[in-house]
Amino acid sequence: MEANLAQPLPQAHHAAPGGVWRWLASTNHKDIGTLYFWFAATMFLIGGLMAMLIRAELFQPGLQLVQPEAFNQLTTLHGLIMIFGVIMPAFTAFANWQVPLMIGAPDMAFPRMNNWSFWLLPVAGVFLVGSTLLPGGAVAGGWTMYPPLFLQGGISYDLTIFAIHIMGASSIMGSINIATTILNMRAPGMTLMKMPLFVWTWLITAFLLIAVMPVLAGAVTMLLADRNFGTHFFDAAGGGDPVLFQHVFWFFGHPEVYILILPAFGIISSVIPTFSRKPLFGYASMVYATASIAILSFLVWGHHMFTVGMPAAAQLYFMYATLLIAVPTGVKVFNWVATMWRGSLTFETAMLFAVAFVCLFTIGGFSGLVLAMVPVDIQLQDTYYVVAHFHYVLVTGALFSIYAGLYYWLPKWTGHMVNETWGRWHFWLSAISVNVLFFPMHFLGLAGMPRRIPDYALQFADFNRVASIGGFVFGASQILLLIVILKCIRGGEKAEARAWEGAEGLEWTVPSPAPYHTFAQPPEVK
Amino acid sequence: MSAHPGAYYLPAPSHWPLVGSLALMSAALGATLLIHDLSGGGWLLAVGAAGLATMLVGWFGKVIRESESGLHGVQVDRSFRWGMSWFIFSEGMFFAAFFGALFYGRVISVPDLAGGEQLRLLWPGYSGGWPTAGPGIEAAFTPMAPWGIPALNTLFLLSSGATVTWAHWALKRGRRGQLIVGLGLTVALGLTFIGLQAYEYHHAYTALGLTLGAGIYGATFFMLTGFHGLHVTIGSLMLLVILGRALAGHFRPDHHFAFEAVSWYWHFVDVVWLLLFIFVYWL
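Structure below.
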């Protein structure tokens, strides 16, 4: 490997250009990965501040800080920003940094398109956040954009539709790039079943994205046409149906939730074996489980719509199909536990977040099973139980996996070990406060508190106050993460090429920090 | 790959993606303003569209020059093949959303409105059936008949699929004259299709009363055929570029992925049209 690095680079391999042009015109997967990461971090700050405002308003009954219309804008933008602006770009950051390093490729297959995929995102981000300043304020119909409500908003609704088109174009191009890189750029000898699991999960995620982002584009295009061009897709008077939107939207939306979690599975499947000093318990079963989850994700969208009215046969089908997903997901959870079983365990911060992920994501998975059951869901639809469910899978699931991945790969990216003391403070404060924040929401939902309201009946006051306190602590704890990252960039203990004792994989064969260009000549994988 | 055999071609930093992002930003802002009749919308949209066109010409021009100077080896070629295949798959899923709307309207929402309690309570006397503008829209329209222009267009598009394949055979056998004639015929058939489609739209709006506002039939008719027509237009532009390159002496019998990508795209547009002809015009 060292010998390869000493070879002259092909003529187009430029050193990093100086100044801002390095970032604006980059064709380097590491620089673009870093851009994705900082974009996600910025949007996380914005979306997080919105969440803080939501929790502050809900701290006690009555209207204190924001009016209902502004509250609806906050919940809508919080959802759109956290999904499209934080979790998805953060996972793409990992894909950019790690996939070429893990498969021994010199860069992504299409480096220029990679740049475009990124630089479309700030445009969409500006549209979303900037639309709060437009007359009538930002979109307030919920991130799911259901008609007829969504058809009635002002100018920001159209701008949001275009923002979604642009984010969709970004995701499709990014995914085509990732899928092509994985399928065509692997080092000689790295067969598909030798790929690290993170690469497998991203290949399947990329497939899902390419399949469903165009469907979302179609759905919002129909909204645009119904709003402005006189069509009647979602209007019964014209023979259309508002429920049609829900079908099209959730045909995108359910694969989308696996888009938000499959890369997490990949990260956790990298971290747990390293700190258990054991290979993953059942690699092939993990690959097949991931593929099964992806296939099933196309067949279960109706479980988001049990209460809109559908034949009992459809309800039964969607219920059983949804419950079936527990089988491959269970395969994964048992795999992680079996990997740790009798391992030589150490609990660095990355591992702490990974173990927390396994426990807490499972809680979110179980509440998903509860919601999959039609009679229960009819009771719980649009209550805080749903809010609790998807925040367990997205915050303690997706977000915690991002944290685990950051703590795990930061040494490779920066060349410095992470400060474990600060990291542990970040972990314990986050892991405790996040449960104080979201666990009471289960009780609120079971007691009937509806989601997306700025005010509530008095009997919900205590649990809301507890949740808000948890929320403030959780929000404040994330400042620690920023400190950890900045400290890690500026200095700290020097990281070896193989930063963690038990780490396996090609990315640990290159120096830390990884040189600007790696694997100009592909390594041989045995 | 002449300079560094076996290495993957990695391009230098490029300003084109940024131009593309700014152009799309301008176009989207312009479109939003235009929809709401606010000043400056048209200008922003025009600037954005011009920027996007400049970006496409500049970016693809650079890729073509790289290809012609031999920088694209076997592995780069394979990347393009994967990339184009995934792109066409995503395009297929985009059309699937609108076909989904069509089938939902025909199979679920329209029959639902014409039967049971809905019929009694909402619009009594609504007979359902297809095509329909829906129970509450007072639009008398004549549906587009399949066996006139649409059938002719089917013939033209299917023939263009044959001519582009004929051109491909020529390219693989090194017969440049046949390649150029085949591509020229394909472009001519594509442009004829677009012209007839434009005439059909004009006829629909002026003589048939068939508009975007004609209920679920009008919405699915114009959105499906409109997006298809847009794709035929893009495909024709791509064919023109390929024709220009063939005239300039580009492509070798063993190295001509750009040609193949365009022909894949053209066949895809062809298949979508067949589905449109069957489910939108005919049945």
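In order, the protein sequence lines correspond to chains P and X. All letters in the first sequence, in the order written, are residues 1 to 526 by this note's numbering. All letters in the second sequence, in the order written, are residues 527 to 809 by this note's numbering. We put the beta carbon where it would ideally sit given N, CA and C, even for glycine.
Identify whether residue i lies in helix, strand or coil by the three-state DSSP scheme.
i        : result
P/Leu446 : helix
P/Lys494 : strand
P/His304 : helix
X/Arg646 : helix
P/Thr42  : helix
P/Arg452 : coil
X/Ser528 : Low per-residue confidence applies at X/Ser528: pLDDT is 36, beneath 50, and the placement is therefore not dependable, though the value from the model is reported in the following sentence. The answer is coil: DSSP assigns X/Ser528 none of H, G, I, E or B.
X/Arg591 : helix
P/Thr221 : helix
X/Thr737 : coil
X/Arg701 : coil
P/Thr383 : strand
X/His781 : strand
Which residues of chain X have a Cβ atom closer than 7 Å to the Cβ of residue i, listed in chain order?
i        : result
P/Ser26  : Pro539
P/Trp116 : Pro543, Gly546, Ser547
Alpha carbons only, please: which of the options is nearest the one belonging to residue i?
i        : options                                : result
P/Ala457 : P/Phe94, P/Met190, P/Phe59             : P/Phe59
P/Phe460 : P/Phe443, P/Arg452, P/Val473           : P/Phe443
X/Pro731 : X/Leu773, X/Gly700, X/Thr668, X/Arg699 : The identity of residue 731 of chain X in the sequence shown is Tyr, whereas the question assumes Pro. Considering only alpha carbons, the answer is X/Thr668.
P/Met351 : P/Val215, P/Leu133, P/Ser276           : P/Ser276
P/Leu77  : P/Ser285, P/Leu45, P/Trp97             : P/Leu45
P/Val123 : P/Val257, P/Asp455, P/Phe39, P/Pro147  : P/Phe39
P/Pro89  : P/Ser131, P/Leu53, P/Ala41             : P/Ala41
P/Pro511 : P/Gly230, P/Met195, P/Ala503, P/Ala497 : P/Ala497
P/Met213 : P/Ile166, P/Arg186, P/Lys194           : P/Ile166
X/Val795 : X/Leu683, X/Ala774, X/Pro661, X/Thr658 : X/Leu683
X/Pro672 : X/Val589, X/Leu801, X/Leu705, X/Gly708 : X/Leu801
At least one CB of chain X closer than 9 Å to the CB of residue i: is that the case?
i        : result
P/Pro122 : yes
P/Arg451 : no
P/Phe162 : yes
P/Trp97  : no
P/Gln521 : yes
P/Leu159 : yes
P/His391 : no
P/His517 : yes
P/Trp38  : no
P/Asn464 : no
P/Met113 : yes
P/Pro17  : yes
P/Phe150 : no
P/Pro106 : yes
P/Pro214 : yes
P/Phe427 : no
Would residue i pass as an interface residue toward chain P - the criterion being a Cβ-Cβ separation below 9 Å?
i        : result
X/Arg604 : yes
X/Thr737 : yes
X/Glu617 : yes
X/Trp569 : no
X/Ile742 : yes
X/Gln601 : yes
X/Ile663 : yes
X/Tyr791 : no
X/Thr759 : no
X/Thr751 : no
X/Phe748 : yes
Can you pull the chain P residues whose beta carbon is under 8 Å from the beta carbon of residue i, in chain order?
i        : result
X/Val636 : Gly239
Give the residues of chain X in contact with residue i, contact being defined as C-beta atoms less than 8 Å apart.
i        : result
P/Trp585 : As displayed, chain P neither begins before 1 nor continues past 526, which places residue 585 of chain P out of reach and without an answer.
P/Ala211 : Phe615, Ser616, Met619
P/Phe443 : Near P/Phe443 there are no residues of chain X at all, since even the closest Cβ is about 38 Å away, more than 8 Å.
Please list the partners that residue i has in chain X, where partner means a Cβ-to-Cβ separation under 9 Å.
i        : result
P/Asn435 : Those within 9 Å of P/Asn435 in chain X number zero; the least Cβ separation is about 39 Å.
P/Trp422 : The premise fails here: P/Trp422 is roughly 35 Å from chain X at the closest Cβ pair, so nothing lies under 9 Å.
Indicate, with yes or no, if the ligand GDP has a heavy atom lying under 8 Å from the CB of residue i.
i        : result
X/Val788 : Questions concerning the ligand GDP fall outside what the structure shown contains, since it holds no ligand whatsoever.
Cβ closer than 9 Å: which chain P residues qualify as neighbours of residue i?
i        : result
X/Ala666 : Ordered by position in chain P, no residue passes the 9 Å Cβ test against X/Ala666, which lies about 14 Å from the chain.
X/Leu809 : Within chain P, no residue comes near X/Leu809; the closest Cβ sits about 17 Å away, beyond 9 Å.
Using a Cβ cut-off of 7 Å, pull out every chain P residue sitting near residue i, in sequence order please.
i        : result
X/Thr558 : Ile155, Asp158, Leu159, Phe162
X/Met551 : Val123
X/Leu578 : Correct list: empty, because the minimum Cβ distance to chain P is about 12 Å.
Contacting positions in the stretch 178-202 of chain P - beta carbon closer than 9 Å to chain X: When C-beta distances to chain X are compared with 9 Å, the residues of the stretch 178-202 of chain P below that value are Ala179, Thr180, Thr181, Leu183, Asn184, Met185, in chain order.
Contact list for the stretch 67-82 of chain P against chain X, Cβ threshold 8 Å: Listed in sequence order: no entries.
Chain-ordered residues of the stretch 166-178 of chain P with a beta carbon less than 7 Å from chain X: If the cut-off is 7 Å between Cβ atoms, the stretch 166-178 of chain P has Ile166, Ile172, Ile176 near chain X.
Interface positions of the stretch 218-247 of chain P facing chain X (Cβ-Cβ less than 7 Å), listed along the chain: Listed in sequence order: Gly218, Ala219, Met222, Ala225, Asn228, Phe229, Gly230, Thr231, His232, Phe233, Ala236, Ala237, Gly238, Gly239, Gly240, Asp241, Leu244, His247.
Members of the stretch 332-347 of chain P that neighbour chain X once the beta carbon cut-off is set at 9 Å: From the stretch 332-347 of chain P, no residue has a Cβ closer than 9 Å to chain X.
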